[in-house]
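Heads up: the protein sequence lines correspond to chains A and B, in order.
Okay, so the first sequence: first residue is 36 according to my numbering, each after it adds one.
Okay, so the second sequence: first residue is 36 according to my numbering, each after it adds one.
A virtual CB, placed ideally from N, CA and C, is assigned to each residue, including glycine.
Structure first, commentary second.
Number of protein chains: 2
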Amino acid sequence: MATIKEVAARAGVAPSTVSRLLNGDPTVRVRPETRLRVLSVAAELNYTPNRAARALRGTRVGALGVALRHLTSPVYAQIFSGAEDAARSADFLLVAIEVDALATDPAALHRFVPGRAVDGLLLQRDGLLADDVVLENVLATKLPFVIVNERVEDPLYGVALDDVRASRMATAHLLALGHVDVAHLAIGGTTRRALDRQEGWQQALSHAGLPAPPEMVAVGGGRPETGYAGMMELLANPVRPTGVVAGTLLAALGALAAIRGAGLQVPDDISVVTHHDSWAAEYASPPLTAVRLPLEELGRRAVQLLIERLDGAPPRQELLTTPEPQLIPRASTAPPRSADRRRPR
Amino acid sequence: MATIKEVAARAGVAPSTVSRLLNGDPTVRVRPETRLRVLSVAAELNYTPNRAARALRGTRVGALGVALRHLTSPVYAQIFSGAEDAARSADFLLVAIEVDALATDPAALHRFVPGRAVDGLLLQRDGLLADDVVLENVLATKLPFVIVNERVEDPLYGVALDDVRASRMATAHLLALGHVDVAHLAIGGTTRRALDRQEGWQQALSHAGLPAPPEMVAVGGGRPETGYAGMMELLANPVRPTGVVAGTLLAALGALAAIRGAGLQVPDDISVVTHHDSWAAEYASPPLTAVRLPLEELGRRAVQLLIERLDGAPPRQELLTTPEPQLIPRASTAPPRSADRRRPR
DNA sequence: CTGAAAGCGCTAACAA
DNA sequence: TTGTTAGCGCTTTCAG
């Protein structure tokens, strides 16, 4: 635990010189010889700047908070993983914060901000809980933040996936297989992400000249239980869908259970396609056809945008279009059992 | 962002008095009147101590690192969730660290320690990657750490679940159903956890007077792919097991896929029981019978033990026995198809 | 009973 | 080209 003083002493220079050298101050002009000596002493002593001292002095503590809910979801885990990677590369720590705590316990957020625990926050909304409360609370603290995984409007900073396109692809896949009665197991709530995914479903149907009747939409939420419930609604429809586009992976798993529970087969009776790829899709039964989106990249970009914001960049809303969404066909989708299922409406 | 000075000024006392008051210094003896005034000013100004300053001054930064791999596993997510909860209660930040980074990039760990990014570390070994390298690296840094989810020996600090008992319960469940050829899809590797789970399987068999032949054990690892591969080995056995005790949940999912792929049915041809309960078990197909263990509690206790260690407590190895492991019966286990499957060996 | 002052390790403004 | 110095906010002796 060498300090800058020790390095300076051993190298025969002043602490400030070491600081400037190590931080790549462009205005520093030392003899190459001196520079070399300082650098080698620093390496030899295994010098690493003390984060607390740096934070106290400067304007940055070197930590980013990421508000988590559903950490247990493999989808969020991928985003998180990308964020961790980007944070590490930029020499920031990634601090996990349970988002419910931010909503229910105002003091929780308060501990992070005036205490300067983190420099900024990655925020995900999921429309199910008190999202707006969280957003308000965070806004009130003036803590810089970036919205992850949802399109947002201009005063905000955000990184999103192309949910409309992904949902369109998922729906088009079913249409191409010959399905006509294609339902949407929606995320629900008021998040842009939820609306976008429904929009994509609708666009694909319109494009094929098909109606998108409201009874073909049920809320499936973001968990297996809610997906199960939503699927049950769809199954009770007078016209039973032969294909379902699930808004979230966990809801899709719930849907599979509901379909099975109703004594029906996937994909023979109903095809299911979901958003987001993961082991949970690959090892579902049957394996789920999915639209793969760059989740890790999403997490990475979000961290990068947040850091840019800390550096003073103006608000920006990024839509991740590369790598492109990719349809991964698996056993959960197939042509509808028979063409004569095309019912009169 | 009020500072201690401002509070002191407004309350008409010295900063040191505020500090002592707010930190509950027992030797402080102020007039009740003064104490009240200071406290109310602090509340009014919304004073929160600056973490960096405190860290710089004191010996603690108020952050714990948790080394993660397989964050994507719902099992680890539960542990993490418990840890976050305990850390928040104790006013510690929880910093996520990708454990592979600790292994492959010595500098990564180095950034955490001499920089005093965290006060301690929660470490999970999974026996699959360079665990020992990580452990050595961490030991070399002298950073206090606690091993999570594995029994360890005395100089170390650790919190573990009762893996032997859990595995015994899982195995006994199959035996009670009438199974005789019960295989173990082992975690593999040299972690105590892996050995304990195998031990539990063996104990249950012995207790029933049954052999535990080596060919009834295959390594299933901790991911669906590895579970799949391990299950394939078991299926190729001359005596095909009618029941399988999976060491991990994700391996169990892979096993389900392997069994399905071989044209066999669960539970008709083979019953599967796994460790750890989660939505992934509940919504597998068929839903997996599982032994539920207190994973969140494990994370919580690990954080608490780590904090105790920071406070100078001597090495301790805790075995979490409450709440007790609980067998959650689901559709993946049933009596063997027919008693005449009791083969001559 | 309370205050003054030093100093944790670092950086940035100012000197030399 | 390099060094000196002040100070970030806090805690903790040591004085009063």
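Start-to-end residues for the alpha helix (DSSP H) that takes in residue i
{"i": "A/V73", "result": "P67 to E79"}
{"i": "B/V110", "result": "P109 to S124"}
{"i": "B/I132", "result": "Premise fails: B/I132 lies in the beta strand (DSSP E), L128 to E133, not in any alpha helix (DSSP H)."}
{"i": "A/V53", "result": "P50 to L57"}
{"i": "B/L91", "result": "R86 to R92"}
{"i": "B/L209", "result": "D198 to A211"}
{"i": "B/E250", "result": "Taken as a continuous stretch (DSSP letters only), B/E250 belongs to no alpha helix (DSSP H), as it is neither H nor E."}
{"i": "A/G150", "result": "Segment: none, A/G150 is in no alpha helix (DSSP H) and carries neither H nor E."}
{"i": "A/A229", "result": "R227 to H242"}
{"i": "B/G224", "result": "Run containing B/G224: none; DSSP gives neither H nor E here."}
Top-ranked residue by Cα proximity to residue i, from the options
{"i": "A/S313", "options": "A/A292, A/Q300 and A/T283", "result": "A/T283"}
{"i": "B/A221", "options": "B/L245, B/A271 and B/P249", "result": "B/P249"}
{"i": "A/M270", "options": "A/V338, A/L323 and A/A292", "result": "Strictly speaking, residue 270 of chain A in this sequence is Leu, with Met absent from that position. Minimum Cα distance to A/L270 is reached at A/A292."}
{"i": "A/Q159", "options": "A/A112, A/L299, A/A205 and A/R200", "result": "A/A112"}
{"i": "B/P179", "options": "B/A290, B/E133, B/Y263 and B/L99", "result": "B/L99"}
{"i": "A/L103", "options": "A/T206, A/M267, A/V48 and A/L156", "result": "A/L156"}
{"i": "B/V76", "options": "B/V215, B/A37, B/A46 and B/H310", "result": "B/A46"}
{"i": "B/L229", "options": "B/E171, B/I294, B/V280 and B/Y192", "result": "Inspection of the sequence shows that residue 229 of chain B is occupied by Ala rather than by Leu. The shortest C-alpha separation from B/A229 is found at B/V280."}
{"i": "A/A337", "options": "A/G193, A/P67, A/L74 and A/D154", "result": "A/G193"}
{"i": "A/A315", "options": "A/T69, A/T52, A/K40 and A/A286", "result": "A/A286"}
{"i": "B/Q237", "options": "B/T226, B/V153, B/L333 and B/T206", "result": "B/T206"}
{"i": "B/E133", "options": "B/T107, B/A201, B/V217 and B/L288", "result": "B/T107"}
{"i": "A/G334", "options": "A/H214, A/V110, A/I39 and A/L240", "result": "A/V110"}
{"i": "B/E343", "options": "B/S51, B/F127, B/S116 and B/P61", "result": "B/F127"}
{"i": "A/G347", "options": "A/V53, A/S51, A/D154 and A/L56", "result": "A/D154"}
{"i": "B/P276", "options": "B/A325, B/T225, B/R232 and B/D216", "result": "B/D216"}
{"i": "B/R70", "options": "B/N85, B/V53, B/P84 and B/E79", "result": "B/V53"}
Contact set between residue i and chain B, taken where Cβ atoms lie within less than 9 Å
{"i": "A/W236", "result": "The premise fails here: A/W236 is roughly 23 Å from chain B at the closest Cβ pair, so nothing lies under 9 Å."}
{"i": "A/A253", "result": "Those do not exist, as A/A253 stays about 18 Å from chain B at its closest Cβ, beyond 9 Å."}
{"i": "A/E119", "result": "L103, L106, A131, I132, E133 and A136"}
{"i": "A/A46", "result": "Those within 9 Å of A/A46 in chain B number zero; the least Cβ separation is about 18 Å."}
{"i": "A/L285", "result": "W314 and Y318"}
Opening and closing residue of the beta strand (DSSP E) in which residue i lies
{"i": "A/L220", "result": "V217 to A221"}
{"i": "A/S306", "result": "S306 to H310"}
{"i": "A/R327", "result": "T324 to R327"}
{"i": "B/V42", "result": "Per DSSP, B/V42 belongs to no beta strand (DSSP E); it is in the alpha helix (DSSP H), I39 to A46."}
{"i": "B/Q339", "result": "Looking at the DSSP string, B/Q339 is not in any beta strand (DSSP E); the run it does join, the alpha helix (DSSP H), is L330 to L345."}
{"i": "B/E353", "result": "Q352 to L355"}
{"i": "A/G296", "result": "Note, A/G296: premise wrong, no beta strand (DSSP E); alpha helix (DSSP H) at L284 to G296."}
{"i": "A/A315", "result": "That residue, A/A315, is in no beta strand (DSSP E); its alpha helix (DSSP H) goes W314 to E317."}
{"i": "B/G256", "result": "That residue, B/G256, is in no beta strand (DSSP E); it is neither H nor E in DSSP."}
{"i": "A/Q361", "result": "Q361 to I363"}
{"i": "A/G278", "result": "G278 to A281"}
{"i": "B/G97", "result": "It is not in any beta strand (DSSP E) - B/G97 carries neither H nor E in the DSSP assignment."}
{"i": "A/L158", "result": "G155 to L158"}
Closer than 9 Å at the beta carbon, the chain A residues around residue i
{"i": "B/T309", "result": "Per Cβ cutoff of 9 Å: no residues; B/T309 is ~13 Å from chain A at best."}
{"i": "B/V96", "result": "R86 and A87"}
Interface partners of residue i on chain A, CB under 7 Å
{"i": "B/P109", "result": "T107"}
{"i": "B/N85", "result": "G150 and R151"}
{"i": "B/G289", "result": "Y318"}
{"i": "B/A90", "result": "A87"}
Whole-Å CB distance - residue i paired with residue j, under 8 Å assumed
{"i": "B/P358", "j": "B/L212", "result": "Not a contact, Cβ separation roughly 24 Å."}
{"i": "A/V252", "j": "A/H208", "result": "About 18 Å separates the two Cβ atoms, so there is no contact after all."}
{"i": "B/V24", "j": "B/L345", "result": "Chain B is shown from 36 up to 380; residue 24 of chain B falls before or after that span and cannot be answered."}
{"i": "B/N81", "j": "B/A37", "result": "6 Å"}
{"i": "B/L355", "j": "B/L196", "result": "5 Å"}
{"i": "B/G235", "j": "B/D198", "result": "7 Å"}
{"i": "B/A131", "j": "A/A319", "result": "Wrong, their Cβ atoms sit about 27 Å apart, outside the cutoff."}
{"i": "A/E331", "j": "A/G117", "result": "3 Å"}
{"i": "B/G289", "j": "B/P259", "result": "4 Å"}
Interface partners of residue i on chain A, CB under 8 Å
{"i": "B/P259", "result": "W314, E317 and Y318"}
{"i": "B/L220", "result": "In chain order: nothing, as chain A lies at least about 14 Å away."}
{"i": "B/Q113", "result": "T107"}
{"i": "B/R351", "result": "The contacting residues do not exist; B/R351 stays about 25 Å from chain A at best."}
{"i": "B/A125", "result": "Residues of chain A passing the Cβ test: none, with the nearest at roughly 12 Å."}
Contacts of residue i in chain B (Cβ-Cβ under 8 Å)
{"i": "A/R295", "result": "S320"}
{"i": "A/R335", "result": "Those within 8 Å of A/R335 in chain B number zero; the least Cβ separation is about 13 Å."}
The region 116-125 of chain B in contact with the region 92-101 of chain A per 3-pair CB rule at 8 Å: no
Determine, using beta-carbon pairs with one atom in the region 241-258 of chain B and one in the region 184-192 of chain B, whether at least three such pairs fall under 8 Å. no
Tell me whether the region 337-353 of chain B and the region 303-318 of chain B touch, counting them as touching only if at least three CB pairs, one residue from each stretch, are closer than 8 Å. no
The region 79-90 of chain B contacting the region 255-270 of chain B, beta-carbon criterion three pairs below 8 Å: no
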